[in-house]
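Residue numbers (the working numbering): 189 to 620. Built from N, CA and C at the ideal position, the CB exists for glycine as well. As the structure is a computational prediction, the values presented were derived from the model and not from experiment.
1) Opposite residue 191 in the DSSP bridges: which residues?
2) Is the beta carbon of residue 477 less than 9 angstroms from the beta carbon of residue 384?
3) Short of 6 angstroms in beta carbon distance, which residues of its chain neighbour residue 432, apart from the five on each side in sequence? Order them along the chain.
4) Between residue 605 and residue 528, what straight-line distance do the alpha-carbon atoms span, to the nearest angstrom?
5) For residue 298, count neighbouring Cβ atoms within 10 angstroms of its own Cβ and tell me buried if that reaches 16, exposed if not.
6) Per DSSP, which one or two residues make a beta bridge with residue 385?
7) Alpha carbons only, please: which of 391, 346, 481 and 429 is nearest the one belonging to residue 403?
8) How many whole angstroms separate the CB atoms of residue 254 and residue 193, which I take to be in contact at a CB cut-off of 8 angstroms?
9) By alpha-carbon positions, which one of 490, 585, 495 and 589 ends up nearest to residue 226?
10) Using DSSP bridges, identify the partner residues of residue 327.
11) Roughly how many angstroms separate the alpha carbons of residue 510 and residue 566, rounded to a whole number?
12) Could you pull out every unbroken alpha helix (DSSP H) segment of at least 4 residues lying fully inside the stretch 430 to 502, listed in chain order?
13) For the pair the stretch 580 to 594 and the stretch 461 to 478, tell me if three or more CB-CB distances fall below 8 angstroms.
14) Which of the three DSSP states is assigned to residue 534 in this structure?
15) Report yes or no: do three or more beta-carbon pairs, one from the stretch 518 to 526 and one from the stretch 262 to 270, lie closer than 8 angstroms?
16) Considering only the beta carbon of each residue, do residue 408 and residue 429 sit closer than 9 angstroms?
17) Decide yes or no for the touch test of the stretch 492 to 509 against the stretch 588 to 606: beta carbon pairs closer than 8 angstroms, at least 3 of them.
18) Cα separation between residue 291 and residue 233?
19) With DSSP run on the structure shown, which of helix, strand or coil describes residue 422?
20) Cβ of residue 487 within 9 angstroms of Cβ of residue 397?
21) Looking at the structure shown, is residue 397 part of a helix, part of a strand, or coil, going by DSSP?
22) Considering residue 586, what are the terminal residues of the beta strand (DSSP E) in which it resides?
23) Since residue 203 is in the alpha helix (DSSP H), which residue starts that stretch and which ends it?
24) Around the Cβ of residue 231, are there at least 16 other Cβ atoms within 10 angstroms (buried) or fewer (exposed)?
25) In its own chain, which residues sit with a C-beta less than 8 angstroms from the C-beta of residue 533, not counting the 5 before and 5 after it?
26) Can you give me the C-alpha to C-alpha distance between residue 520 and residue 562, rounded to a whole angstrom?
27) Which residue wins for smallest C-alpha separation from residue 304, given the options 465, 251 and 416?
28) Considering only residues of the same chain and omitting the five flanking positions on each side of residue 239, which have a CB-CB separation below 8 angstroms?
29) Checking the sheet assignment: what are the DSSP bridge partners for residue 510?
30) Could you pull out every residue in the same chain whose Cβ sits closer than 7 angstroms to the Cβ of residue 200, ignoring the five residues on either side in sequence?
31) Please confirm whether residue 224 and residue 269 have their CB atoms less than 9 angstroms apart.
32) The beta strand (DSSP E) spanning residue 275 covers which residue range?
33) Keeping to the same chain, check which residues put their C-beta closer than 6 angstroms to that of residue 609; ignore five residues upstream and five downstream.
34) Run the CB neighbour count on residue 578, radius 10 Å, all protein chains shown included, and call it buried at 16 or more, exposed below.
35) State the Cα-Cα distance for the pair residue 389 and residue 367, rounded to the nearest angstrom.
36) Rank 308, 361, 283 and 322 by C-alpha distance to the C-alpha of residue 314 and give the top, closest one.
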């Protein structure tokens, strides 16, 4: 396995990059950051002691860690990290999965990006000089910022003067229309292999919380191909666009890192992080994009680490492993049980199914595709039997049952932690 460091790993794109690579049989992802973040809830292979990019001996400290962990590739997840890594690329033993240093610098500064693409119809009109005949509103944004941080709409001369005095601002025409991202992939030969334009339908914390495929890709393809022909990209990169008052697409920014919603491409069967690392590893890569439209929507996800080690799982059958009156398998519970089996935990099934149903437990499990071999032991009870009487606490255990009354009896008698079906996510170890 060839080690790939994701820096910083706990960022939203960092987590998605990790999941895109975790099942690879060639590359092993390592999440890394300069401080404690969400990485420790995602994988056991994480680092939180990386130097900060502003430290004087950043490259030397980072390279020591890269050598200790035998890291071959490092993926930056932030614009500043990308630029600093590329500036220090010759001091690092790992290959930085990013476009060349000159491109990273061009993309970091909007003024340089606009100058490089000057003359292209999609470059927004820039304010060249202050006068009394300015057509408001305008828009001011930091030259080296990202997303909407520090950006503001300019309605009058007073606001414009204030923005100019703030310094480090790019002032251009105001773009009131829809906003879009184009995910792109350019291989080691400079060929643009993948173009995925998507509408940023709902934005939270600077990330597309909802992204939707566009109906007409042609104008987006033209822009991506033009940018790729004028700048030296490699691997994944993306374009941010917004419509002007006439509905014409105008450039907001270019970035050489992975965007927050690059995984929209996963819906097409395209794994961009794996493509990028494979390309930088010298492999010849190809892209096959499924032909349909995709909508991606995000929400927060909670992950848990419970300070309780256990070796045995007692679990109910009806309305716990199964759902909808026994006609379906609960996919989350069954996934958790398979994880327990992978970890070598004993799984004991406790059920009154056969006395409750007209068919046998064996027949119904077979009908749902549930293997009896998943369980270390299957205990079938009568109505008079108490589950707690068939359990013991000779080793640390947990009990999962949809019935509060059943859980209370077990907790009170045996002091075994009890969990409802909706609590299984608390037990699932996302690091495995």
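Well, looking at it:
1) In the chain shown, residue 191 corresponds to position 3, counting from 1. Answer by DSSP bridge pairing, in chain order: 216 and 259.
2) Position 289 of the chain shown, counted from the start, is the residue given in the question as residue 477. Position 196 of the chain shown, counted from the start, is the residue given in the question as residue 384. For residue 477 and residue 384, yes; Cβs fall inside 9 angstroms.
3) Against the chain shown, residue 432 aligns to sequence position 244. In its chain, beyond the 5 residues on either side, 363 and 438 have a beta carbon closer than 6 angstroms to the beta carbon of residue 432.
4) Translated into the one-based positions of the chain shown, residue 605 becomes position 417. Translated into the one-based positions of the chain shown, residue 528 becomes position 340. Their backbone Cα atoms lie some 16 angstroms apart in a straight line.
5) Reading the chain shown from its first residue, position 110 is the one you call residue 298. A buried status is given to residue 298, since no fewer than 16 other beta-carbon atoms sit within 10 Å of its beta-carbon.
6) Position 197 of the chain shown holds residue 385. DSSP output for residue 385 lists 370 as bridge partner(s).
7) Counting from 1 along the chain shown, the entry for residue 403 is found at position 215. Minimum Cα distance to residue 403 is reached at 481.
8) Along the chain shown, one-based indexing puts residue 254 at 66. Along the chain shown, one-based indexing puts residue 193 at 5. A Cβ-Cβ separation of about 7 angstroms places residue 254 in contact with residue 193 under the 8 angstroms criterion.
9) Position 38 of the chain shown, counting from 1, holds the residue named residue 226. Selected option, being the one with the closest Cα: 490.
10) By one-based count along the chain shown, residue 327 stands at place 139. DSSP output for residue 327 lists 341 and 360 as bridge partner(s).
11) As a working note, residue 510 is residue 322 in the chain shown. As a working note, residue 566 is residue 378 in the chain shown. Roughly 15 angstroms between the two C-alpha positions.
12) Complete alpha helix (DSSP H) runs here, min 4: 460 to 468.
13) Too few Cβ pairs lie closer than 8 angstroms, so no.
14) Taking the first residue of the chain shown as position 1, residue 534 is located at position 346. Residue state, collapsed to three classes: strand.
15) No, they do not touch.
16) Residue 408 sits at position 220 when you count from the first residue of the chain shown. Residue 429 sits at position 241 when you count from the first residue of the chain shown. Cβ atoms of residue 408 and residue 429: closer than 9 angstroms.
17) Enough Cβ pairs lie closer than 8 angstroms, so yes.
18) One-based indexing of the chain shown puts residue 291 at position 103. One-based indexing of the chain shown puts residue 233 at position 45. So the alpha carbons of these two residues sit roughly 31 angstroms apart.
19) For the purposes of this step, residue 422 is taken as the residue at position 234 of the chain shown. In the structure shown, residue 422 falls within a coil segment according to DSSP collapsed to helix, strand and coil.
20) Here residue 487 is taken as the residue at index 299 of the chain shown, counted from 1. Here residue 397 is taken as the residue at index 209 of the chain shown, counted from 1. It is a contact, given that the beta carbons lie within the stated cut-off.
21) Taking the chain shown and counting its residues from 1, one reaches residue 397 at position 209. The answer is strand: DSSP assigns residue 397 an E or B state.
22) Sequence index remark: in the chain shown, residue 586 carries index 398 (1-based). Note, residue 586: beta strand (DSSP E), 585 to 588.
23) Here the question's residue 203 lines up with position 15 in the chain shown. Residue 203 -> alpha helix (DSSP H) spans 200 to 209.
24) By one-based count along the chain shown, residue 231 stands at place 43. Counting every other CB atom within 10 Å of its CB across the protein chains shown gives residue 231 a total of 16 or more, marking it as buried.
25) Indexing the chain shown from 1 puts residue 533 at position 345. Annotation for residue 533: 498, 499, 500 and 501 place their beta carbon closer than 8 angstroms to its own, counting only its chain and skipping 5 residues before and after.
26) In the chain shown, counting from the first residue as 1, residue 520 sits at position 332. In the chain shown, counting from the first residue as 1, residue 562 sits at position 374. Between the alpha carbons of residue 520 and residue 562 lies a distance of about 15 angstroms.
27) The count along the chain shown starts at 1 and reaches residue 304 at position 116. When only C-alpha atoms are compared, the closest one is 416.
28) Here residue 239 refers to the residue found at position 51 when the chain shown is read from its first residue. Once the five neighbours on either side are set aside, the close Cβ partners of residue 239 are 222, 245, 246, 249 and 250.
29) Residue 510 sits at position 322 when you count from the first residue of the chain shown. Residue 510 is bridged to 517.
30) Working through the chain shown from its first residue, we reach residue 200 at position 12. Only 395 and 448 meet the Cβ criterion.
31) Counting from 1 along the chain shown, the entry for residue 224 is found at position 36. Counting from 1 along the chain shown, the entry for residue 269 is found at position 81. Not closer than 9 angstroms, so no.
32) Your numbering for residue 275 matches position 87 in the chain shown. Per DSSP, residue 275 lies in no beta strand (DSSP E); the unbroken alpha helix (DSSP H) holding it starts and ends at 267 to 275.
33) Working through the chain shown from its first residue, we reach residue 609 at position 421. In the same chain as residue 609, and ignoring 5 residues on each side of it, the C-beta atoms closer than 6 angstroms to its own belong to 508 and 590, in chain order.
34) Numbered from its first residue, the chain shown carries residue 578 at position 390. Looking at its Cβ environment, which holds fewer than 16 other Cβ atoms inside 10 Å, residue 578 is exposed.
35) Residue numbering aside, residue 389 sits at position 201 when the chain shown is read from its first letter. Residue numbering aside, residue 367 sits at position 179 when the chain shown is read from its first letter. Per the coordinates, the alpha-carbon of residue 389 lies some 8 angstroms from the alpha-carbon of residue 367.
36) The residue given as residue 314 occupies position 126 in the chain shown. Closest by C-alpha distance to residue 314, out of 308, 361, 283 and 322, is 361.
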